[in-house]
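Q: Numbering-wise, the numbering used here puts 25 at position 25 of the sequence shown, and it's gapless, one number per residue. We put the CB at the ideal spot given by N, CA and C, even for glycine. These numbers come from a predicted model, not from an experiment. Questions regarding the structure given below will be posed in turn.
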Amino acid sequence: MNHQNYQALQYLKKAEERGKKTDDSLLLEEIYKEMADNYLAMGEQNYYQLYNKKLQELQFKREQLELSSINETINIQNKNSSIKIQELDSKYKNLIIIVVVFACCICFSILFAAFILMKYNKQNTKEIQNILRY
Numbered sequence: 001m002n003h004q005n006y007q008a009l010q011y012l013k014k015a016e017e018r019g020k021k022t023d024d025s026l027l028l029e030e031i032y033k034e035m036a037d038n039y040l041a042m043g044e045q046n047y048y049q050l051y052n053k054k055l056q057e058l059q060f061k062r063e064q065l066e067l068s069s070i071n072e073t074i075n076i077q078n079k080n081s082s083i084k085i086q087e088l089d090s091k092y093k094n095l096i097i098i099v100v101v102f103a104c105c106i107c108f109s110i111l112f113a114a115f116i117l118m119k120y121n122k123q124n125t126k127e128i129q130n131i132l133r134y
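Written out as structure tokens, the structure is:
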């Protein structure tokens with residue numbers, strides 16, 4: 001049994017060298033897992049701990065990269081949302097200004113019409129009073 005484990009370790013060491021050249025962390029994780037398992041089966045605690053530690057370090061790096069990627073994506077989404085909110089805020093401010101100006105124009109028109117009507121009524125009242133005096 002130890003001979004098979006030893007032979008498997010030889011293949012795994014060659015695979016480790018190739019995996020390091022290609023910088024394939026998932027491949028290296030699997031290799032380190034298998035190496036740790038083989039050393040554990042052979043009763044080699046020191047080597048088991050060494051490769052188990054390498055496995056954990058790679059897994060930690062991968063998880064950190066994933067978290068970093070997720071954080072970057074969230075930051076980009078937040079930035080895009082902030083830009084959209086600013087655009088909508090600007091549009092609604094402009095719309096409110098237009099509505100206020102339009103409402104002021106309507107109020108001014110009504111007041112102007114009322115003023116002219118009052119002036120016309122005053123004139124008519126004076127004419128009626130002049131007619132009634134004669």
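1) Which residues mark the beginning and the end of the alpha helix (DSSP H) in which residue 120 is found?
2) Looking at residue 16: is its Cβ nearer than 9 Å to the Cβ of residue 32?
3) Let's test the definition: count the other Cβ atoms within 10 Å of the Cβ of residue 75 and tell me whether it reaches 16, buried, or not, exposed.
4) May I have the straight-line CA-CA distance separating residue 63 from residue 2, to the nearest angstrom?
5) Quick one: any contact between the region 19-34 and the region 49-63, if contact means 3 or more CB pairs under 8 Å?
6) Do you know how far the Cα of residue 121 is from the Cα of residue 114?
A: Checking against the coordinates, here is how it stands:
1) Indexing the sequence shown from 1 puts residue 120 at position 120. It spans 45-133 - the alpha helix (DSSP H) in which residue 120 sits, taken as one unbroken run.
2) Taking the first residue of the sequence shown as position 1, residue 16 is located at position 16. Taking the first residue of the sequence shown as position 1, residue 32 is located at position 32. Cβ distance < 9 Å, so residue 16 and residue 32 count as in contact.
3) Mapped onto the sequence shown, residue 75 falls at position 75. Classification for residue 75: exposed.
4) As a working mapping, residue 63 is identified with position 63 in the sequence shown. As a working mapping, residue 2 is identified with position 2 in the sequence shown. Roughly 34 Å between the two C-alpha positions.
5) Yes: at least three Cβ pairs fall under 8 Å.
6) Sequence index remark: in the sequence shown, residue 114 carries index 114 (1-based). Sequence index remark: in the sequence shown, residue 121 carries index 121 (1-based). Straight-line Cα distance between these residues: approximately 10 Å.
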